[in-house]
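The structure under discussion appears below in the form of structure tokens.
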Amino acid sequence: MTAFILRRLLQTVVVIALLSFFCYYLMTLMPGDPVDEMIAANPDITSADAERLRQLHGLDQPAHVRYWNWASMVLSGDLGYSRTYRVPVSEILGRSLFNTFVLAGAALLFSLLIAIPLGVWAALKKNSRADYLINLFAFAGISVPSFWIAIVLILLFSVYLPLFPAGGTSGIAFGMTPWESFTDRVHHLVLPVLSLSFLSIGTYVRYTRAAMIEAMEHDYIRTARAKGLSWNRILIMHGFRNALIPLITITALSFSTLFSGAIITETVFAYEGVGRLVFQSIQSNDFNVAMVAFMISVSMVLLMNLAADLLYGVADPRITYS
Amino acid sequence: MMGRRATRNLAVLAGVTALIGVAYALIRPSGVVAPPDNTQIVIGITQEFENLNPLASSMSATAYLYRMVNRTLVALDEHTVWQPQLATRMPTMENGLARFVDADGQRKIEADWEIRDTATWGDGMPVTCRDFAFAREVALSGSVSVASIEVYRQVEEIRIDPFDPKRCTFVYTEPKWNFNRMFQFYALPEHLERPLFEEFGHQPQGYEQQSLYTRDPTNPGLFHGPYRIVDMRLGSHVVFERNPTFYGDPANIERIIILLIPNTGTLEANLRSGSIDMVSMLGMTFDQALAFADRVESEGLPFDVNFQPGLVYEHVDLNLDNPLLADVNVRRALVHAIDRGGLSNALFQGRQPAAVHNVAPVDPWFTDDPDKIVIYPHSRRLANRLLDEAGWTLRADNFRYNADGERLRLRLMTTAGNQIREVVQVYLQDQWLGIGVDVRIQNEPARVFFGQTMRRREFSGASMYAWISTPEASPRSTLHSTEVPTEENSWSGQNSPGWVNKRVDALIEELEVEFDPGRRLELIHAILYDYTHDVPVIPLYYRSEVSVTPANLTGYKLPGHQVGATNHVERWNLLPPSGSDARDTPAAAGVTP
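Protein chains in written order, with the numbering used here: chain A, 968 to 1289; chain D, 89 to 681.
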């Protein structure tokens, strides 16, 4: 198993290195550069100013030289400087990553807590009214665009029923106690989490239901019942455990998105997350921010895939890594 | 196990509850929120901002914020009149504070500046000429990404009075008439920033990365304006509090919070829910503001929707290298065919006035005098006659063809996804179709359109977009023949039509060094005459700035130029509601013309 993990980690490093170059190169192919953004905001910038700024930012260098400079800087532990915000990348990215992790983590947890019991229930009650109702809810969640549900939530629970703030990451107040800060964050999280969960609950319900239906139709379930095992034990130890493989895959992949952000939800709710930050960075050619965020996102996908592979063995002892 | 009946009951209960909730939410009037008072106001903006180091910043939103915390020697006021700010007086030849000098065989200008006695940084240190000299030194060091360096480069030397550092003489390298309009010549607190510049200034962008504006943005010593920053989170918000050491009248409002709401679609919901009290000029789009203004009137909402035509000039560039458009009669016919007044009324309720050329009405140089410029009234008859004269004949299919049987076809481009431009584009297509011109629309994302197509003049026909200028600015970058983007000049310059007019070149050269205001006006009007005569560009309309303010806010005015509404933020005043809650009073609602 150690050899398996080491081999996969080595592959991961190679893939990250290759992807970093391709991502960087693709970004350099985009029309325009940061100086164009400056010209748009300031009519007094002259042609000479534009030329000087391009030299200062190294934009007059070929793409591979710029990539090499960036990679050397990152490998030396310096994530660089954001041209958009004029602060070190670590300062702005760290906070956004944490915020996104909290939002996406809460949404994932909430979705799983709702979706798994609903999916199991729908599977056990296959073709019943409860099943149809849950399926209706699941398909609605999958079909409704996230920006629409976000705006509806704001209208319902911020404008008409002023229960939650319409946006923001936290309230702006001074002298809050730690408890007040915590409750304030939770208060601001409710609507974005609900919005983000609406889609994923539907997806998880469908996966759980399908996996459970398949698992419960196996012979070993009938055998377990014949042996006189309790229903709960059959359901959890034999049915649900065998239904876990597809769930682990989808959950692991969802976990990898915890750091890549939810652009639409973050934008609509003015939530200070990494999705919005990366979008803004790409729009304004802020390579340093966008590249570091890309690398974190790519690394998470690869690492979570590895974690899923390892968890298969835990869920199903027949899977070995020798 | 839940029975079938129980499941059904649960479903019915859930459905009924949801319906009641939605129905209640829809019929219930929106929440009544207390009007803001001088304790605090929350302003929504949709554009990102960066740290407030004035030398390194380049975003419009940052410029908006900067005027709350710092001021410049002079600035344009809300009536587009130059006023001294940090300076006690604006030096001019007439008041004797400025003079021509001859040195090393060159003519230069010397101007005496004096900084207000009471101007201090937030930590009590006086604002002096040393702070300006230091800012100039930093700007010219070559290691800082100053966007527009010319304003610093034009000052050759700052001679500081050894006995009074608040008095100094600026020596200007060239005798330009606008030497004293230094609204982008910023001061840096030398006592705080010099050590950092000494240590990191030799590295590219080293100083700006280590500056206190980056590392310690709430340091009171960085600010001398009516407010100072007490909390700043990039990508989220900035909190300003009244600066007790401000040299002018103390601000009326104690605290101002700027909240970044990147999605324009939720601005109104945030206003109605009370999350924000006001939307800055960097907020709603024009069409959103129009729709909201209607709702303010119909629902009696306690807001003012402000419209102010500004310096942004929407126009259509014509590529003069295109043989079809090289004929001035075709270009004139295209202008005659457009009912620009009708466009303004139909799409903008007349709040974005029709344009006649590139100088906006808010600019003192503006003229619409038909004796000075060529006016093109809407006339299909004139347009058709010009096209006939140009050899384009109307055929039975209602399109025009030349003698070779080639159809009069034009490609019209703009930024994809910009709703207003796309509507205007269809309007133009329809109007030009009326004179037999086959217009094909081809739009591109903004970054492709500006970053590639316009920058390299890769548009074949017509391109619709906007220019922004400053009042009384030289039109060199957009009209001078040396500013046509070419491979030789690395695609710099903004003369995208490729208009080459030697008379205009000479007029621009003369305009930039002419000290007589009356003669300058003659020169700019001569330029505008050629501009409207040759029609390298089709003027469409002057864009308006929009903002939404609480109905009880007084002392606020949208200026329509770059020195934004925050330049007089200390005069903003939130009146207490008289009698009943101002937000419930329909009379409190209104739309500022």
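Cβ atoms here follow ideal geometry from the backbone N, Cα and C, with glycine treated the same way.
Practice item. Report the rounded CA-to-CA distance for L1158 of chain A versus V1126 of chain A, giving the unit in angstroms. Key: 13 angstroms
**Study point:** Length of the line joining the Cα atoms of E1004 of chain A and I203 of chain D
**Key:** 34 angstroms
**Study point:** Interface flag, R509 of chain D vs chain A, CB-CB below 8 angstroms
**Key:** no
Review point. Just reading off the beta strand (DSSP E) that F188 of chain D is part of, what are its end residues?
Key: A186 to A191
Review point. Going by alpha carbons, who is nearest to A434 of chain D out of D:V514, D:V462 and D:I463?
Key: D:V514
**Study point:** N- and C-terminal bounds of the beta strand (DSSP E) containing W170 of chain D
**Key:** W170 to P172
Check your understanding: Under the DSSP definition of a beta bridge, which residues are partnered with T503 of chain D?
Key -> D:E532
Check your understanding: Applying the criterion that 16 or more other CB atoms from any shown protein chain within 10 Å of the CB defines a buried residue, is V1087 of chain A buried or exposed?
Key -> buried
Point to revise | Cut-off 7 angstroms between Cβ atoms - residues of its own chain near I246 of chain D, not counting five sequence neighbours on either side | key: C217, F220, A221, R224, C256 and F258
Review point. Given a threshold of 16 other Cβ atoms within 10 Å of its Cβ, counted over all protein chains shown, does H167 of chain D qualify as buried or as exposed?
Key: exposed
Practice item. Answer yes or no: does any C-beta atom of chain D fall closer than 8 angstroms to that of A1038 of chain A? Key: no
Review point. Span of the alpha helix (DSSP H) holding F1149 of chain A?
Key: P1145 to M1183
Check your understanding: Quick one, which residues of the region 985-999 of chain A are near chain D if we go by CB-CB under 9 angstroms, in chain order?
Key -> M997, P998 and G999
Practice item. Compare the C-beta of A491 of chain D against all C-beta atoms of chain A and say whether one is closer than 8 angstroms. Key: no
Exercise for review: May I ask you to list the residues that DSSP assigns as paired with Y1048 of chain A?
Suggested key: A:P1055
Review point. Name the chain D residues that come within less than 7 angstroms of G1134 of chain A, Cβ to Cβ?
Key: I349, T354, N358 and S363
**Study point:** V1002 of chain A (DSSP reduced to helix, strand or coil)
**Key:** helix
Practice item. Give a yes or no on whether the minimum CB-CB distance between N531 of chain D and chain A is below 8 angstroms. Key: no
Check your understanding: Got a sec: is the Cβ-Cβ distance from D1011 of chain A to anything in chain D below 8 angstroms?
Key -> yes
Check your understanding: Rounded to the nearest angstrom, how far is the Cβ of F374 of chain D from that of F436 of chain D, given a contact under 8 angstroms?
Key -> 7 angstroms
Review point. My guess is that Y629 of chain D and L431 of chain D are in contact by the Cβ rule of under 8 angstroms, so how many angstroms apart are they, rounded?
Key: 7 angstroms
Practice item. Please state whether DSSP places Y1238 of chain A in a helix, a strand or coil. Key: coil
Practice item. Report the rounded CA-to-CA distance for V1054 of chain A versus Q293 of chain D, giving the unit in angstroms. Key: 11 angstroms
Review point. Since W480 of chain D contacts L496 of chain D with CB under 8 angstroms, what's their CB separation in whole angstroms?
Key: 5 angstroms
Exercise for review: Would you mind listing the alpha helix (DSSP H) stretches within the region 212-296 of chain D that are 4+ residues and don't spill past its ends, in chain order?
Suggested key: 217-227, 238-241 and 278-288
Check your understanding: Distance, Cα to Cα, P624 of chain D vs R419 of chain D?
Key -> 8 angstroms
Practice item. Could you confirm whether any beta carbon from chain D is found closer than 8 angstroms to the beta carbon of E1147 of chain A? Key: no
Exercise for review: Check the DSSP bridge columns for G132 of chain D and list the partner residues they point to.
Suggested key: D:L347 and D:V367
Practice item. Spell out a yes or no on whether the region 408-415 of chain D and the region 451-463 of chain D are touching, meaning 3 or more CB-CB pairs, one atom from each, closer than 8 angstroms. Key: no
Check your understanding: Can you name the start and end residues of the beta strand (DSSP E) that I317 of chain D belongs to?
Key -> Y315 to R321
Practice item. Spell out whether any CB of chain A is found under 8 angstroms from the CB atom of V588 of chain D. Key: no
Review point. Under the criterion of a Cβ to heavy atom distance below 7 angstroms, does G362 of chain D qualify as lining the ligand HEM?
Key: Looking for the ligand HEM in the displayed structure turns up nothing, as the structure carries no ligands at all.
Review point. How big is the Cα-Cα spacing for I508 of chain D and V393 of chain D?
Key: 19 angstroms
Check your understanding: So what does DSSP say about P117 of chain D, is it helix, strand or coil?
Key -> In this prediction, P117 of chain D has a pLDDT of 45, which is less than 50 and means its spatial position is unreliable; what the coordinates show is noted afterwards. Reduced to three states, the DSSP call for P117 of chain D is coil.
Point to revise | Interface partners of P81 of chain D on chain A, CB under 9 angstroms | key: With chain D represented from 89 up to 681, any question about residue 81 of chain D goes unanswered, as that position is not in the structure.
Exercise for review: Under 8 angstroms by Cβ, that's how I've got W1037 of chain A and F1254 of chain A pegged, so tell me the actual separation to the nearest angstrom.
Suggested key: 7 angstroms
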